[in-house]
Amino acid sequence: MKVVIDIDTCIGCGSCVMCEPKVFKMIEENGEDHAIVIAQPTDAMIDNVEDALSNCPVSAISMD
Numbered sequence: 549m550k551v552v553i554d555i556d557t558c559i560g561c562g563s564c565v566m567c568e569p570k571v572f573k574m575i576e577e578n579g580e581d582h583a584i585v586i587a588q589p590t591d592a593m594i595d596n597v598e599d600a601l602s603n604c605p606v607s608a609i610s611m612d
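According to the working numbering, the sequence shown holds residues 549 to 612 in order.
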């Protein structure tokens, strides 16, 4: 499974990082915070990544 964040939609709330910090990381670019994917999830991380998807207030995260 591949996790993707739409950085144009992301508001930088950080909920994804709280759910799975081994997959998501907050960065600052051009004065704005947003999340990036730093690693694709292992099978053991899928539940946490699904929590991140459902907790994202702007639905910026998708998973194929």
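A virtual CB, placed ideally from N, CA and C, is assigned to each residue, including glycine.
Counting of Cβ neighbours within 10 angstroms places V597 among the buried residues, the total reaching 16 or more.
For A583, the three-state secondary structure derived from DSSP is strand. Residue burial is scored here from C-beta neighbours: P569 has fewer than 16 other C-beta atoms within 10 angstroms and is therefore classed as exposed.
In the DSSP assignment, I594 falls within the alpha helix (DSSP H) that extends over I594 to N603. Secondary structure at M611: strand, using DSSP grouped into helix, strand and coil.
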